[in-house]
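Data block below; observations after.
Protein chains in written order, with this note's numbering: chain A, 120 to 459; chain B, 120 to 459; chain C, 120 to 459.
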């Protein structure tokens with residue numbers, strides 16, 4: 120028997136019709152080792168569907184885990200045994216797209232727990248799987264049950280505060296990975312990969328299936344699918360084009376030690392040590408005047424032809440209005456390539 | 120007797136001096152039908168001033184509504200009968216500007232319940248009517264009562280969280296209209312008109328008396344007074360100039376299927392199917408180089424002369440720095456007009 | 120004996136190891152008058168270190184304050200006497216950099232209580248002093264204690280909402296100074312100086328040791344260290360470069376009645392009555408074409424050479440793409456200087 124791809128056991132919320140709204144997995148796993156996989160298979164036979172474990176199954180799981188010395192996970196499950204809330208377990212033997220709410224949430228947890236990087240786990244179709252929910256001071260509430268709950272809470276004097284009406288909750292409701300700061304937590308969605316040493320300032324944003332290698336300073340917007348290498352700095356209000364809405368089809372990434380200036384933007388991928396000056400938006404179709412070390416115009420190129428190259432500096436010439444590309448840090452290898 | 124323009128009965132908060140701070144109307148009405156108007160007039164004689172109904176009035180209202188088969192509203196009022204909170208009813212026989220806090224809140228509710236579109240109801244003077252309030256985890260609190268409450272809550276170990284200090288609360292504290300998503304609810308004010316199928320992403324914003332026809336994707340800022348037609352996409356960080364501060368005097372609207380690129384901006388109205396490329400801000404005074412189908416320069420125009428026209432694409436030429444206007448989708452009718 | 124520089128007594132939170140996480144000072148003082156200083160010195164002998172006062176010390180302090188007619192502060196301390204939370208007092212006889220969490224919080228309080236302006240109190244090294252904390256619906260929680268608390272709160276059905284994971288909390292958790300509005304309170308950090316009459320809209324942001332003289336409209340981002348004179352308007356999404364990350368080394372200030380247009384930015388200081396048009400980012404290195412009253416090109420200058428001058432209007436010529444500087448309001452003195 121092959122090892123399991125992922126396992127999660129968590130506690131979640133259902134609506135009045137008994138449908139899952141969301142699930143919190145305190146200790147999800149990916150690429151389980153053979154022993155752990157064996158334990159799981161011994162307790163749960165029905166892979167692929169959501170399992171609402173019986174008290175007996177939970178006891179068996181704790182015993183099996185303890186006797187195999189998986190004490191940490193056993194401890195988590197013992198805590199789950201004490202609740203009257205809905206418990207659910209999800210197991211996948213392969214990396215499959217999510218078909219249910221508990222599966223979707225497990226995939227998003229894998230990303231935010233840094234167990235997989237963006238694009239490493241299959242989340243295709245997740246928009247269709249997740250439900251639009253009100254995230255409130257009373258927990259997750261089905262949109263349809265909201266008017267009644269709002270009136271009720273008003274009349275009882277216990278305010279119902281709604282932070283978010285969305286398919287994706289904020290990450291920190293589920294996990295706060297080690298070594299990060301997020302000044303306004305509403306700006307990072309569950310499913311973001313926030314690398315250690317990342318600071319997300321008030322104007323920063325990270326979508327799901329996107330993120331930073333860490334350490335990084337994020338004061339601009341990292342769209343779905345985008346990944347930024349370590350040391351790169353996304354300036355205040357800077358934009359990186361995604362593929363979901365208004366953007367193109369290329370999945371964008373930034374290498375290491377790049378700088379997107381404040382209010383700048385990129386519609387192309389950048390290699391390492393690239394800079395886009397403050398206020399300049401480089402789209403794939405921008406015609407770039409490429410300069411050599413002596414700042415002579417050597418050729419024109421569409422920005423997308425420069426996509427992914429390193430040591431580039433993009434600016435708009437403040438006298439001529441032309442968008443220019445210089446070699447950043449006067450990297451010789453790059454220059455020779457630009458001249459060819 | 121003419122039919123009533125609007126009716127609302129709700130529950131609200133007063134400060135220690137007995138002044139209204141805010142009111143929540145679960146089921147506001149506009150342009151009441153004659154039967155409903157008659158019911159209201161039979162119970163409430165004093166139109167135009169805020170009514171704090173007696174228990175007897177509430178009972179009469181429920182009876183009159185039930186006997187006229189207005190069961191839904193009767194149900195809401197029956198729920199209100201159970202509370203010890205402050206109840207208020209507002210009736211207007213004409214569309215008049217708000218003179219009191221309950222009237223102001225009713226007007227804002229009409230907009231967010233999609234009962235009227237932006238500019239359809241008179242809210243002139245509302246800034247002077249509404250009070251600056253702290254919106255907290257304990258509900259609305261008068262600013263002057265705040266220091267004492269903050270200290271008290273600290274000492275009792277029950278944190279007082281303040282989300283907003285403003286005259287306008289966030290919309291979802293009062294209504295979550297059908298078929299929308301708002302990723303960060305603090306970004307949509309009560310009084311916004313959020314059309315069905317609208318998604319407001321984390322960087323999106325909608326002010327009061329402004330909004331979207333729906334469906335729309337909103338990742339930028341829709342200023343007070345601005346209305347966006349269906350299918351239009353406001354890119355991340357895009358700005359639409361309002362008339363309140365720093366902007367001009369023209370009330371701006373966008374037609375259908377427009378695209379404001381990320382970090383772009385508009386100081387003019389757009390017709391249908393217009394695009395402003397990412398990073399370009401078109402103000403009314405921007406001198407536009409108008410191009411024909413062959414990209415020949417046919418004339419110069421101030422952007423405000425193009426205001427409201429359809430099928431335009433605005434870009435900054437990345438070689439010459441000139442702001443250009445092309446015909447979007449090569450619409451022939453438009454081109455001929457541009458040539459004239 | 121000299122007068123004390125600052126005094127604060129407050130209530131705060133410690134982690135499980137007994138380390139201070141944060142402190143709330145309801146009534147901090149700066150530049151104490153000699154009588155008040157004498158009272159403090161009579162009760163607290165140990166200046167410079169954090170004092171956790173005994174019940175006897177609190178009683179002595181109340182008596183000494185009352186007998187010297189400092190009734191307001193006496194009243195605050197009497198309220199503090201009723202709590203079982205951790206109390207701490209900080210006294211400094213000189214303006215010294217903070218060495219402990221209670222000292223750091225006191226400095227930030229001085230700024231947000233408007234007792235000192237940005238750069239007037241020594242906060243050097245504060246990043247190293249403050250701890251990264253989760254700011255939650257249950258108050259401040261140590262990051263390391265978070266996973267356990269999150270699971271616990273889930274199982275008990277009382278959601279733990281985390282608003283912020285950062286070294287700096289939002290200002291309004293500690294003080295709401297008089298005469299301001301902040302539409303989204305998560306956007307103003309403790310340590311911001313928010314002058315009376317300032318409105319911070321949803322897209323506005325003010326960092327610590329930065330702020331506005333008031334009245335001001337803030338719809339853009341005021342970075343750490345930046346100060347804006349009265350009447351200046353920071354447009355939606357506008358950026359002011361700070362010195363912490365990605366910016367230069369010059370501490371930027373804006374004079375009075377300046378306007379930063381929407382999505383504009385400044386990397387230089389501005390004097391009074393300057394305007395940067397919507398969408399234009401002026402960095403220190405931007406080459407500016409300086410125009411005279413007849414809009415003739417009189418010279419080129421790097422933007423940083425114009426830093427701090429008054430009555431300038433910056434725009435990007437929409438035909439030539441050149442960044443130009445005109446004299447705003449045709450101020451004659453300025454013009455003559457520009458011609459020289």
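Beta carbons: idealized from backbone N, C-alpha and C, even for Gly.
Listed as beta-bridge partners of residue 335 (chain B) by DSSP are B:317. With respect to the C-alpha of residue 420 (chain A), the residue from A:444, A:399, A:436 and A:439 having the closest C-alpha is A:444.
For residue 190 (chain A), there is no enclosing beta strand (DSSP E); the enclosing alpha helix (DSSP H) covers residues 190 to 199. The beta carbon of residue 382 (chain A) sits closer than 8 Å to some beta carbon of chain C. Taking C-beta separations shorter than 6 Å and ignoring five residues to either side along the sequence, the partners of residue 249 (chain A) in its chain run 223 and 286, following chain order. Between residue 309 (chain B) and the set B:198, B:408, B:343 and B:353, the nearest pair of CA atoms involves B:343. Under the DSSP assignment, residue 245 (chain C) falls outside any beta strand (DSSP E), being part of the alpha helix (DSSP H) whose first and last residues are 245 to 248. Per DSSP, residue 410 (chain C) lies in no alpha helix (DSSP H); the unbroken beta strand (DSSP E) holding it starts and ends at 406 to 410. Contact between residue 422 (chain B) and residue 405 (chain B) is confirmed by a C-beta separation of about 4 Å, below the 8 Å threshold. Between residue 159 (chain A) and residue 123 (chain A), the gap from beta carbon to beta carbon is short of 8 Å. Here residue 303 (chain A) is buried: its Cβ has 16 or more other Cβ atoms, across all protein chains shown, within 10 Å. Annotated as proximal: residue 299 (chain A) and residue 317 (chain A), with beta-carbon spacing under 8 Å. Per DSSP, residue 302 (chain B) lies in no alpha helix (DSSP H) segment and is marked neither H nor E.
Cβ-Cβ distances below 7 Å link residue 162 (chain C) to 176, 179, 180 and 183 in the same chain, with the five nearest sequence neighbours on each side left out; the list follows chain order. Among the CB atoms of chain A, none fall inside 8 Å of the CB of residue 323 (chain B). Shown here for residue 241 (chain B): same chain residues with a beta carbon closer than 7 Å to its own, the five before and five after excluded, namely 214, 215 and 216 in chain order.
Residues of the stretch 190 to 216 of chain C with a Cβ closer than 9 Å to any Cβ of chain B, in chain order: 195, 198, 199, 201, 202, 203 and 204.
The way I'd put it, the stretch 143 to 153 of chain A doesn't touch the stretch 264 to 284 of chain A; fewer than three beta-carbon pairs between them come closer than 8 Å.
DSSP places residue 208 (chain A) inside the beta strand (DSSP E), whose first and last residues are 205 to 211. Within 10 angstroms of the beta-carbon of residue 386 (chain B) lie 16 or more other beta-carbons, which makes it buried.
Per the DSSP secondary-structure output, residue 132 (chain C) pairs in a beta bridge with C:141. The distance from the Cβ of residue 346 (chain A) to that of residue 236 (chain A) is about 7 Å, consistent with a contact at the 8 Å cut-off.
Around the Cβ of residue 174 (chain B), a 10 Å sphere holds fewer than 16 other Cβ atoms; the residue is exposed. The beta-carbon separation of residue 131 (chain C) and residue 205 (chain C), rounded to 5 Å, stays under the 8 Å limit for a contact. In this structure, the alpha-carbon of residue 401 (chain B) lies about 19 Å from that of residue 356 (chain A). Of all alpha-carbon atoms in A:432, A:362 and A:332, the one lying nearest the alpha-carbon of residue 378 (chain A) is that of A:432. Pairing residue 413 (chain C) with residue 311 (chain B), the inter-Cα distance amounts to about 45 Å.
With fewer than 16 other CB atoms across the displayed protein chains lying within 10 angstroms of its CB, residue 424 (chain A) is exposed. If you look at residue 162 (chain C), you'll find it in the alpha helix (DSSP H) that goes 153 to 162. Per the C-alpha coordinates, the member of B:399, B:314, B:389 and B:121 positioned closest to residue 230 (chain B) is B:314. Taking 8 Å as the threshold, the shortest C-beta distance from residue 332 (chain C) to chain B does not fall below it. If you look at residue 421 (chain C), you'll find it isn't in any alpha helix (DSSP H); it sits in the beta strand (DSSP E) that goes 416 to 421.
For the pair residue 150 (chain B) and residue 193 (chain B), the Cα-to-Cα distance works out to about 18 Å. Between the alpha carbons of residue 225 (chain B) and residue 129 (chain B) lies a gap of roughly 9 Å.
With respect to chain A, the C-beta atom of residue 340 (chain C) has a partner C-beta closer than 8 Å. Around the beta carbon of residue 361 (chain A), 16 or more other beta carbons lie within 10 angstroms, which makes this residue buried.
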